[in-house]
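Residue numbers for the sequence shown follow our numbering, so the first one is 2 and each next one is one higher. Built from N, CA and C at the ideal position, the CB exists for glycine as well. All remarks here apply to the structure that follows.
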Amino acid sequence: MTALLEHPARTAAADLTLRRGAARVLLDNWTGTSTVPSRTLYPHQWSWDSAFIAIGLRHLSARRAQRELESLFAAQWGDGRVPHIVFNSSVPDGAYFPSPDFWRTSTAGREAGAPRARETSGIVQPPVHALAAWLTHRANPRESRRRGFLPRLYPKLVAWHDYLLTARDLGGGGLTAVVHPWEPGMDNSPCWDASLARVTPADPAGFRRADLDHGHPADRPTDLDYGRYVRLAVDYRDAGYDDRAARHPFALEDPCVNALLAAGERALAEIAAYLGEDATVHAARADRITEALVARLWDDEAGVFLARDLVGDTLVGERSVAGLVPLLVPGLPDAIVDRLVATLDSPAFRTDRTALVPSYDLTGPAFDRTRYWRGPAWFNTAWLIERGLRAHGRHRHANRIRTAILETAGASGFAEYVDPTTGEGRGARAFSWTAALTLDLLSSGEDHR
Ligand code: 9WN
């Protein structure tokens, strides 16, 4: 295991090299209107990737960061949803699965208000966008004002959160639900195993995975899981992506998604105040989501927030990094913050010794140090936890994670994720959010951002 605390302090020259490397990745992955997560594995625009990318890009070009978010929201649906993928029509269909001819949103999603002139997916990803918009604005308020960035984006962000808190409050408890494992952004987390087991997989002969052309089968989700992802997406599509008509056999409240929504409402309150709009509605919403998060998803014995399976109305007893992300929420009770910090240091996550924060409990029955969201450590979740720790004044822990991100990002060639026990890079390299968040930490230093 990497003993990160024993590493010498970074030098200015090392930081400059890292900054240049991160900038290079973002420049290479820019398409002219947005940034692909990876040139090989993910050749389109992804929703939460774009938000993390904007957070880093703002340090290179505030204008480009604004465009990153604007291009995503240009594909927003009439019902307020922001699709998890916006397809680039010049990329061949076979380059990524599922492709536009699978989702068929411009026809199947018509009633729900899918754009007619753009092809997108029909599901969503975590709402990091209001936070990204506010940080992007703050990077260069003059340029933001000149381009009318926030006045144009604010109503779209409000419609997006409205969709999540109305059409997607499937449990009726004031939280938003995910209806597909791709929605929380942690595709094959063990947290979904029991819920997914209820889903009959689609026939593997009916589709061809493109991810295995670039990713190693030992790192990626299994064929069985893919069959279930396809089944859920096909059924949602056949219900017209209508949340009232769809059956939603997979429906869970995820702590990371809801923490981001609470943090997003806080960011909307800042944006509203800046624009002279009513900020109190957003602050009140943030409070309500925070209360519901604690009431519905906190598990004191587990020491983390857990996902709630809405089909059986039970908490899922698997500890994952998603349950630590609520550290990001400003109004969290102190006792819960203390408990989460203790969990970070416990044998389950060992952030005193591991590289970054493992995506799943190191001592859990499904732990796998290489397979995607079943153990590997990701840079976006580490960045969110670093930010949360700092906001709660836990600077020693925040510094440790910051150091781990900076050390590991450069050494792994800006990997998509790393083996949490060694820090060795896995998945795609030159991965955009890894580069963007590295750049953000280098540019923002250890101060509160
Ligand atoms: C499916 C793009 C996305 C990330 C997700 C990550 C992975 C896609 C895939 O890549 O998901 O959306 O094909 O595996 O799990 O978090 O947004 O980087």
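- Here G81 really is in contact with Y164; their C-beta atoms are around 3 Å apart, less than 8 Å.
- Per DSSP, reduced to three states, the secondary structure at R245 is coil, with no helix or strand assignment.
- R232 places its beta carbon 8 Å or farther from that of A195.
- For R375, the three-state secondary structure derived from DSSP is helix.
- In this structure, F380 lies away from P38, with their beta-carbon atoms at least 8 Å apart.
- Q126 has its CB nearer than 7 Å to a heavy atom of the ligand 9WN.
- A contact is defined here as three or more CB-CB pairs under 8 Å, and the segment 91-104 fails this definition with respect to the segment 60-67.
- The distance from the Cβ of R430 to that of G414 is about 4 Å, consistent with a contact at the 8 Å cut-off.
- By the Cβ rule, the segment 81-90 counts as touching the segment 38-53, because three or more pairs are nearer than 8 Å.
- Contact check between the segment 65-75 and the segment 167-176: fewer than three CB pairs, one atom from each, fall below 8 Å, which does not count as touching.
- In this structure, the ligand 9WN has a non-hydrogen atom nearer than 7 Å to the beta-carbon of Y43.
- For the pair P421 and L328, the CB atoms are not nearer than the 8 Å cut-off.
- When secondary structure is reduced to three states using DSSP, V305 falls in the strand class.
- Counting only the Cα atoms, P127 lies some 19 Å from A113.
- With a cutoff of 8 Å on beta-carbon distance, T439 and I406 are scored as near each other.
- Exclusion of H217 from the 7 Å shell around the ligand 9WN follows from its C-beta lying no nearer than that to any non-hydrogen atom of the ligand.
- Taking all protein chains shown into account, L17 has fewer than 16 neighbouring C-beta atoms within 10 Å of its C-beta and is therefore exposed.
- Listed in chain order, the alpha helix (DSSP H) runs fully inside the segment 159-224 are 194-197, counting runs of at least 4 residues.
- For the pair P256 and L294, the CB atoms are nearer than the 8 Å cut-off.
- Distances from the CA of L262 to each of A274, T355, A287 and Y275 were compared; the closest alpha carbon is that of A287.
- In terms of Cα proximity to L176, the closest of N259, Y373 and P331 is N259.
- Burial of P191 is indicated by the presence of at least 16 other C-beta atoms within 10 angstroms of its C-beta.
- Secondary structure note for I290: its alpha helix (DSSP H) is the uninterrupted segment T281 to L298.
- The Cβ atoms of G110 and Y242 sit closer than 8 Å to each other.
- The Cβ neighbour count for L276, taken over all protein chains shown within 10 Å, is under 16; the residue is labelled exposed.
- For T382, the closest alpha carbon among the candidates G324, T371, G365 and T344 is that of G324.
- By the neighbour-count definition (other C-beta atoms within 10 Å, threshold 16), R267 is a buried residue.
- With a cut-off of 7 Å, the C-beta of H85 is classified as near the ligand 9WN, since at least one heavy atom of the ligand falls inside that distance.
- Checking the 7 Å criterion, the Cβ of P256 is out of range of every heavy atom belonging to the ligand 9WN.
- Placement of the Cβ of W31 at a distance of 7 Å or more from every heavy atom of the ligand 9WN is found.
- By a beta-carbon distance limit of 8 Å, Q77 does not contact W183. Their separation comes to about 18 Å.
- For the pair I124 and V180, the CB atoms are nearer than the 8 Å cut-off.
- The three-state secondary structure of I272, taken from DSSP, is helix.
- Set against 7 Å, the gap from the CB of D212 to the closest heavy atom of the ligand 9WN is smaller.
- Beta-bridge partners assigned by DSSP to W384: none are found.
- Under the DSSP definition of a beta bridge, G324 lacks any partner.
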